[in-house]
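A.B. asks: Quick note: the sequence shown, position 700, residue 700 per the UniProt record's numbering, numbers continuous. The C-beta atom is built at its ideal place from N, Cα and C for all residues, glycine as well.
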Amino acid sequence: MLCTFRAENTLSFLKSHYSLIQWKRQFGAGGSKVSADDGVTTPGVKPCITLLGFLVTLSPFQVSGSSYGISGKLSDPCILNSINEAKHLVDAAYKHTRESMKEKLTKEDFTPIAFLRYFKQPVAGTRTATRAADYMDTTLNLLKEKLRPTIKGEFNITDVLTPEQLEVIYKMTGCAQQNMEVKCGGRRQYRTITGECNNRRHPTLGASNRAFARWLPAEYEDRVSLPRGWTEGKRYFGFTLPLVRKVSNKIVRFPIAQLRLDHQRALMFMLWGQFIDHDMDFTPDTPTHFTFRERVNCETSCVKAPPCFPIKIPRDDPRIKNINDCIPFTRSAPACSMDSAVREQINALTSFLDASMVYGSEAPLANRLRNKNNQLGLLAVNNRFTDRGLAFLPFAKMEKDPCLRVSGKAQIPCFLAGDSRSSEMLELAAMHTLFLREHNRLATQLKKLNSFWNGEKLYQEARKILGAMVQIITYRDYLPKLLGNQFWRTLPPYRGYKSYVDPRISNVFTLAFRYGHGAIPPVVEWLNEQHKPMGSKILLSKSFFAVWRIVMEGGIDPLLRSLMGNQAKLMTQKQMVVDELRDRLFEQVERIGLDLAALNMQRGRDHGLPGYNAWRRFCGLSQPRNENQLSVVLRNRKLAKMFIELYRTPNNIDIWLGALAEPFVRNGRVGPLMACLIGTQFRKLRDGDRFWWENRNTFTSKQRHALSRISLSRIICDNTHIRKVPRNVFQANRFPTDFVSCNQIPKLNLSAWRSRNAEKEEASGDS
């Protein structure tokens, strides 16, 4: 259907709430008949047009001019038709992807990357929110395509649509429902699982399934949704963007013989960053890996069409000789934004540092994780295996379980935890197991102190304490070692809760916090009680979803010893990311090895993140304009020369790589730009959290004093068979010199939680 402009209106925007409800009941959110399952909608264009006369109140639009001098307006049947067509295309692609993934997981030639993408699919409420956003994004793309014959030159579709028409699209795609007002009711004693109502003035700030914050406006190629670098030959600051794979080859790549370990940071330092990252943000892939129009597979084709944004291969690539090949890349799932039609990405998790990786960010998952067979407030544990009497995470019950396939004859499924990525890496699974045990230990001890507390009260109090532990370990022990002398500058002492502070995770932080990719060594190792290697090391890429090794090969203790006793990789300008991640990720099973560095840079372009100098300006840092000035910032003329040869201007340097390449701040492990971005984010997370552990309304003074003595070392002592630990698990330690008996590590004194008012306390739990 060719879209036209008309001076007269055939459909007013949906002012009548009653009419909109009736429309949705009969035809779904967009005039299409929909089924209750995840199937394909039936286009309902004809019913839309025939119902216009009596379902919708008629009144003429206010015609306003546009930047293109158009005096008329888009015809409303065209808008309705585009909405229905978008829903049909999106639903069909979703269904096709789901069926394709299920088929892959049943075949013998399954691949870890297929499993990885299976776990990065949005589920439950996240999937619903993403579907609505995909409807809206695809509708706008369709409208733009249909208007190309009518409008000369490049144009922005949102400049053509009237505010009323945008509101119609917003409502009928389901985006309006995703941003409905949240009622908070009375004052809550505990956090909600979703993070809603933390800020009572703005209840959705920091809640799960909402868009990331933008600290700088998005810089999309079309100002709405197209990634930077989408159109070949497109110039930014007068120059085209280099291929991210070429940048990775020239700057990130280094020979393994140059690998150096960090003599001041333990491997646990790297892992804690990843563990808490999974507490704060998760950007799922778009639910479809097929193009919306032709249903071309993004994983096997190099076609560039939404949502496929493949990474091209440069002519001089040292490994991939076919320049017509590509590295697969699918765009991040979009989010519904009530402020504008500009594409945003969704955060499936609560932004707050609240231990959501243990408890979940949606109520259905949180309930699945609990043991409700008694009134003890416990989390569910594995009922098939134990770690020499200590609990394992429960197994997930999935239709197609990747861990089962990886485990072979052992038949060990994936674990179930608060974050879907808990089984991806062995060290992460170990940490999830550790904190599950700590919750149950806390709940059990609290029950002994307060026998009259019900299960809900015990669960919520243990959850509250565990969340405080994560905050304390992060801010007291981890961040000073990450930010060095910039710690107090970006994170001054706590001055209380500030309701005006926006605690949402920022889009740029999701890239900045990937600094840790430069600290990952290429192997996984197990250590025995004498801290001697147990068997052979295995390559990192062969450890994905291999949780059977935890169950069948000694539990979590050998992995925790490795995390405490081994050193992280040192990130330097000459050795950024190991080739196990940069060039051979999944190579043994994929048609083409993935490149994590290139993926990070492509992700920044996908998200519309501005370039290096824009963020330097944001942080109040100098903005180098040429090679000489950049060499001063980097303290490396050779590296500056390579950057300029590739990007031609520092303005265009991809934010992840530009920030990663800066020399460390003193006593830190990131440069000035990353220190600013990471420090700013953690300050907002702290000051904008009403339930922050130091807030006087969260814990009593005695409880705060008791909590100040906790440590990750003590948590390990209390929940494993390990009896010797370092006092500071994040610094590089040598065994046995830097290790002490668990008897020397202070314990958490829970006497401050003893209650004397049984009647008041019994029913105070709040989900």
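For Val524, which residues does DSSP report across the bridge?
C.D. replies: Note: Val524 sits in a beta bridge opposite Ile538.
A.B. asks: Between Arg666 and Asn485, is the Cβ-Cβ spacing less than 7 Å?
C.D. replies: Yes, they are a contact pair.
A.B. asks: Using only CA atoms, which one of Gly153, Leu147 and Thr173 lies nearest to Leu161?
C.D. replies: Of the candidates Gly153, Leu147 and Thr173, the one whose C-alpha sits nearest the C-alpha of Leu161 is Leu147.
A.B. asks: What distance in whole Å lies between the Cβ atoms of Phe392 and Thr433, which are believed to be in contact at a cut-off of 8 Å?
C.D. replies: Right, their Cβ atoms sit about 6 Å apart.
A.B. asks: CA-CA distance, Gly206 and Pro650?
C.D. replies: Their Cα atoms are separated by approximately 33 Å.
A.B. asks: Determine, using beta carbons only, whether Ala380 and Pro402 come nearer to each other than 7 Å.
C.D. replies: No; because the gap between Cβ atoms is not below 7 Å, this pair is not in contact.
A.B. asks: One question on the structure: do Ile550 and Ala429 come within less than 7 Å of each other, judged by their Cβ atoms?
C.D. replies: Yes, the Cβ-Cβ distance between Ile550 and Ala429 is below 7 Å.
A.B. asks: Write down the C-beta distance between Gly611 and Ile655 rounded to the nearest angstrom, noting that I regard them as a contact closer than 8 Å.
C.D. replies: The Cβ separation is near 7 Å, so the contact holds.
A.B. asks: For Glu8, count neighbouring Cβ atoms within 10 angstroms of its own Cβ and tell me buried if that reaches 16, exposed if not.
C.D. replies: No answer about Glu8 holds up, because its pLDDT of 37 lies below 50 and its placement is not dependable.
A.B. asks: Distance, Cα to Cα, Lys447 vs Ser755?
C.D. replies: Each residue's alpha carbon lies about 11 Å from the other.
A.B. asks: Is DSSP giving Asn179 helix, strand or coil here?
C.D. replies: DSSP places Asn179 in coil when its eight states are reduced to three.
A.B. asks: Distance, Cα to Cα, Ile21 vs Leu609?
C.D. replies: The pLDDT assigned to Ile21 is 33, lower than 50, so where the model puts this residue is not dependable, and the model offers no usable value.
A.B. asks: So which of Pro492, Gln121, Arg388 and Ile311 has the shortest CA-CA distance to Glu232?
C.D. replies: Checking every option, the nearest Cα to that of Glu232 belongs to Ile311.
A.B. asks: Who are the Cβ neighbours of Met357 in its own chain at under 6 Å, not counting the five residues just before and after it?
C.D. replies: Once the five neighbours on either side are set aside, the close Cβ partners of Met357 are His278, Asp279, Gly418 and Asp419.
A.B. asks: Give me the Cβ distance between Arg260 and Leu570, rounded to the nearest whole Å; I'm assuming they're in contact under 8 Å.
C.D. replies: 5 Å between Cβ atoms; contact.
A.B. asks: I want to know whether the stretch 516 to 525 touches the stretch 261 to 269 - three or more CB-CB distances under 8 Å.
C.D. replies: Contact between the stretch 516 to 525 and the stretch 261 to 269 is present, because at least three Cβ pairs lie under 8 Å.
A.B. asks: Taking a contact to mean a Cβ-Cβ separation below 7 Å, would you say Met268 touches Leu563 in this structure?
C.D. replies: Cβ atoms of Met268 and Leu563: closer than 7 Å.
A.B. asks: Using the DSSP secondary-structure output, state which residues sit across from Cys326 in a beta bridge.
C.D. replies: Its beta-bridge partners are Lys312.
A.B. asks: Can you list, in chain order, the residues of its chain with a C-beta nearer than 7 Å to that of Val577? Leave out the 5 residues immediately preceding and following it.
C.D. replies: If we look at Val577 and ignore the five residues flanking it on each side, its Cβ neighbours are Val252, His517, Gly518, Leu596 and Ala597.
A.B. asks: Within this structure, are the beta carbons of residue 817 and His721 separated by less than 7 Å?
C.D. replies: Nothing in the structure corresponds to residue 817, since the chain is present only between 1 and 767.
A.B. asks: Per the contact definition of three or more C-beta pairs closer than 8 Å, is the stretch 671 to 688 in contact with the stretch 497 to 507?
C.D. replies: Contact between the stretch 497 to 507 and the stretch 671 to 688 is present, because at least three Cβ pairs lie under 8 Å.
A.B. asks: Given a cut-off of 7 Å on the beta-carbon distance, is the pair Pro227 and Phe309 in contact?
C.D. replies: Yes, Cβ-Cβ distance for Pro227 and Phe309 is below 7 Å.
A.B. asks: Given that a residue counts as buried once 16 or more other Cβ atoms are within 10 Å of its Cβ, and exposed if not, what is Ile323?
C.D. replies: The residue is exposed, with fewer than 16 neighbouring Cβ atoms inside 10 Å.
A.B. asks: For Pro492, name the three-state secondary structure that DSSP assigns.
C.D. replies: Three-state DSSP puts Pro492 in coil, outside helix and strand.
A.B. asks: Quick one: what's got a C-beta closer than 6 Å to Cys414's C-beta in the same chain, skipping five residues either side?
C.D. replies: So the qualifying residues of the chain are Ala396, Asp401, Cys403 and Ser423.
A.B. asks: Taking contact to mean 3 or more Cβ pairs, one atom from each stretch, closer than 8 Å, check whether the stretch 333 to 351 and the stretch 202 to 218 are in contact.
C.D. replies: Yes, since at least three Cβ pairs between the stretch 333 to 351 and the stretch 202 to 218 fall closer than 8 Å, the two stretches touch.
A.B. asks: Would you check if the distance between the CB atom of Tyr135 and the CB atom of Pro287 is smaller than 7 Å?
C.D. replies: In this structure, Pro287 does not lie closer than 7 Å to Tyr135 by Cβ.
A.B. asks: Compute the Euclidean distance between the alpha carbons of Val45 and Glu525, then round it to the nearest angstrom.
C.D. replies: Unreliable placement is indicated for Val45, whose pLDDT of 33 sits below 50; the coordinate value is still reported in the next sentence. Answer to the nearest angstrom: the Cα atoms are 59 Å apart.
A.B. asks: Span of the beta strand (DSSP E) holding Ala363?
C.D. replies: Ala363 -> not in any beta strand (DSSP E); alpha helix (DSSP H) instead, spanning Ala363 to Arg368.
A.B. asks: Give a yes or no on contact between the stretch 454 to 470 and the stretch 491 to 504, applying the rule of three or more CB pairs nearer than 8 Å.
C.D. replies: No, the stretch 454 to 470 is not in contact with the stretch 491 to 504.
A.B. asks: In angstroms with no decimal places, state the Cα-to-Cα distance between Met338 and Pro307.
C.D. replies: Computed Cα separation, rounded: 22 Å.
A.B. asks: Here's the rule: buried if 16 or more other CB atoms are within 10 angstroms of the residue's CB, otherwise exposed. What is Asp38?
C.D. replies: Because Asp38 carries a pLDDT of 39, less than 50, the predicted location of this residue cannot be relied on, and the following value inherits that uncertainty. Burial call: exposed.
A.B. asks: Can you look up His263 in the DSSP assignment and give me helix, strand or coil?
C.D. replies: His263 falls in the strand class under three-state DSSP.
A.B. asks: Thinking C-beta only, is Gly125 closer than 7 Å to Glu362?
C.D. replies: In contact: Glu362 and Gly125 (Cβ atoms closer than 7 Å).
A.B. asks: What residues in its chain sit with their C-beta under 7 Å from that of Lys702, if we drop five residues either side in the sequence?
C.D. replies: Result list for Lys702: Ala752, in chain order.
A.B. asks: Got a sec, what are the start and stop residues for the alpha helix (DSSP H) Gln460 sits in?
C.D. replies: Taken as a continuous stretch (DSSP letters only), the alpha helix (DSSP H) holding Gln460 covers Gly455 to Ile472.
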